[in-house]
Ligand code: ARG
Ligand code: ZN
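In UniProt numbering, the protein residues as written are 5 to 869.
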């Protein structure tokens, strides 16, 4: 069943308070819910049915205003409880129902993440705990009493403040929590289990002392300091940047191993995938450290953008997610390096979101319909959503943006609102008319700007045309996108650059600039708008931009364009001649050398500048990509560079090996990143010196960033599973499940095509592979499909059939993970006919298997291609 935004109606009933009692036993939990319910003001006096959502539970008792409700006054079905003909305008409903967390493998609602119990309610999991009006615009006050065995579940946690606790006969105990803030059901949480707890405090700007607690599996306390530090940084940052203070007396984070997504912002009780909580130098990469900081920030920032002001309905998801991603991006930029963070965010957007938006699942940041809302927690809603917020920030400026945020909370605190309300607040505070800008919310697809330039006298003239990808979007005059477009004009003689912020409002526009001499335009500085820019650059222009541009993002773009250009030339040479091009042009060599030599560049940034475009990115730019040829030519180009500049890479690798102290600073991140990058080129050179460097790097690695990188290079070089490098890692880390995830995913992503599939079938049977844990499923199947392109897209279709078969299996217990795994097939509309036919056949087997709603929605869109 498809749900449409245009059908939104307020709920005829609202729930004022809910008192929950959850009695936890080994084979079930008994839930008692007492709700104070009122009719919505527009429904007062009417006789109405009250519909409550509820799935996967057994109704045990039902009382209306304290009296048992007769059978003819209600109906229960597999997903609803309907109380018939309610005439009262206010009443109490008491429900008793039974659930079984131990059997809940979908990880929605109340479930077991062995051995603890926890919840995931966003977006529609609360209906698996008890019958409720499970939609975000129904905001109630909650009290929650939990009762359980004291030894097995010493910690009993829920939202808000603990208002009581005590012992009970039979070794049981209880704890009761009360959340003073109204909230939608998706923010409800409970946890029961035995943990180690890291404790700290934070004093707010008004001098209130907040208790901070991080709950982790026994033995993992040593991996919590980074998370705790990140939490305190987030709290301080939100006070300083937006004047937002934390509002409860306690903030808890619980790390669990079985979790469908990254983390969840439940009021006062965040629940996190352990991959985004636990980190130490030996077992976590720099990327992991940054991920923990970013996600801790993200969930913390939701307390205001998401919890205090929430979404009216799920079509508004980007209201909280786009805004909160924007906030976490800004936080990370302030904590680390702004230039590097921006580059990473744009890389992610282009690699994943642009691809999503060009494929069968393309949708606007505010979708207008869905079958299963879980399928819309996407790169588009999150990351493109953040870019839309960033454009507002650019258009009105930092100060007015801050005023707009203040206005937003002034107008909407405590309410469930829409993206329209947000834009309205920004408009009121800034005085800028954003009516045309609103088109971004309903527009799917990545726009392209076709830019050309000419010189007229002493004027430099830019002609800019907007193009939208989907022919189905009819562009009338009033729905052209408005966007900020930052440009720089780089003077070819003085190397000085002049910046301009343009506002594009029309399909075709011309801009004129007075200039003294010849200029090279640098377009979309800082990636001011999430668009594709086409401009007929000469390689010489790009080299100029790469060397002299001030804007780091555009410098990176220019180098990528040069690589792209070189790669394509090599690729067509290979296709035409059946052999690889042995040469490198001197122009390219000297450009690359200039990069190596430039000592003014921050090292993280340098390692990005040296990064060739990914096979993924290159495939996306081609129609009917030849994955094998891409893989071969890509490797060959890297090899040539590795050989040509071997001395430099060896020396730099050696120099960086002398840095011994482990720090979590941008400088240290940069040193490790560049050291790894040097090793990549050295190994690519396929020389003795390269292999020696690899052995040394691996043997001496004292942190995971360097250790895992070396392991991946061994795997990619084609060593057997039994090879020392792979086995040594396994033996060293088999007791750390987070590290084993890296071992599995590295093998899935980097194993050469000739044995990748066979190897994955072997890995699935490994005793450490946890068959029902989402992190493990992703580490094998999605890593393989998304990052081992030439192996997955083998045109015999074997890998397609294999992954489809695994999706069917996973769909039987965890639809959310299965539907995400179906993302393996996202390139379907780009494939040649042989691959497309094989892929369709594989997808049909999923359809024949009675898929879940989640998987059905995704697979049917792929098949419609
Ligand atoms: N609101 C969470 C976050 O972005 C994501 C939860 C999504 N969960 C899900 N099952 N779809 O931080
Ligand atoms: Zn979020």
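Ideal placement from N, C-alpha and C gives every residue a C-beta, glycine not left out.
Rounded to the nearest whole angstrom, the C-alpha separation of residue 500 and residue 345 is 25 Å.
Ranked by how close their Cα comes to the Cα of residue 553, the residues 483, 574, 530, 570 have 530 in first place.
In the DSSP assignment, the residues bridged to residue 488 are 507. Residues 551 of the same chain have their beta carbon placed closer than 7 Å to that of residue 598, with the five preceding and five following residues left out of the count. Residue 639 sits away from residue 689, with the two beta carbons spaced by 7 Å or more.
In this structure, residue 22 sits away from residue 193, with a CB-CB distance that is not shorter than 7 Å. Segment contact: the segment 674–690 against the segment 252–265, fewer than three CB-CB distances shorter than 8 Å; contact not assigned.
Each of 302, 306, 325, 328 has a C-beta closer than 6 Å to some heavy atom of ligand 2; these make up the full list, in chain order. Burial is judged here by how many other beta carbons sit within 10 angstroms of a residue's own beta carbon; residue 666 has fewer than 16 and is exposed. Taking 6 Å as the cut-off, the C-beta of residue 387 does not count as close to any heavy atom of ligand 1. Taking the Cα of residue 593 as reference, the smallest distance to any Cα among 607, 563, 579 is reached at 563.
Within the same chain, 242, 246, 248, 413 come within 8 Å of residue 308 by CB-CB distance, once the 5 residues on both sides are set aside. Around the beta carbon of residue 656, 16 or more other beta carbons lie within 10 angstroms, which makes this residue buried. Per DSSP, the beta bridge partners of residue 146 are 22, 183. Going by C-alpha positions, residue 435 is about 28 Å away from residue 317. Residue 127 sits away from residue 188, with the two beta carbons spaced by 7 Å or more.
CA-CA distance, residue 621 to residue 801, rounds to 22 Å.
Of the residues 398, 343, 729, 322, the one whose Cα lies closest to the Cα of residue 382 is 322. In this model, residue 686 and residue 543 are separated by some 27 Å (Cα to Cα). Contact between the segment 190–205 and the segment 153–165 is present, with at least three C-beta pairs closer than 8 Å. Nearest C-alpha to residue 674 among 520, 95, 291: 291.
A contact between stretches requires three or more CB pairs, one per stretch, nearer than 8 Å, and the segment 259–269 meets this requirement with the segment 111–119. The beta carbon of residue 381 sits closer than 6 Å to at least one heavy atom of ligand 1. In this structure residue 349 is buried. Its beta-carbon is surrounded by 16 or more other beta-carbon atoms within 10 angstroms.
Runs of the alpha helix (DSSP H) spanning 4 or more residues and lying entirely within the segment 357–384 occur at 358–362, in chain order.
Secondary structure of residue 451 (DSSP, three-state): coil. Taking C-beta atoms as the reference points, residue 240 and residue 183 fail to come closer than 7 Å. The continuous stretches of alpha helix (DSSP H) do not include residue 516, which lies in the beta strand (DSSP E) extending over residues 512–518. Following the DSSP letters along the chain, one finds residue 525 inside the beta strand (DSSP E) bounded by residues 523–527. Rounded to whole angstroms, residue 166 and residue 176 show a C-alpha spacing of 18 Å.
As computed with DSSP, residue 302 is found in no beta bridge at all. Within the UniProt domain "Aminopeptidase N-like N-terminal" (90–191), the complete beta strand (DSSP E) segments of 3 residues or longer fall at 94–103, 113–117, 120–124, 143–153, 159–162, 165–172, 176–188, listed in chain order. The residue among 672, 851, 823, 869 with its C-alpha nearest the C-alpha of residue 376 is 823. Ranked by Cα distance from residue 432, the options 446, 502, 339, 415 are led by 415. Exclusion of the five residues before and after residue 226 leaves 284 as the residues of its chain whose Cβ lies within less than 7 Å of its Cβ.
Apart from the 5 residues on each side of it in sequence, residue 286 sits with its Cβ closer than 8 Å to the Cβ of 706, 707, 708 in its chain, given in chain order.
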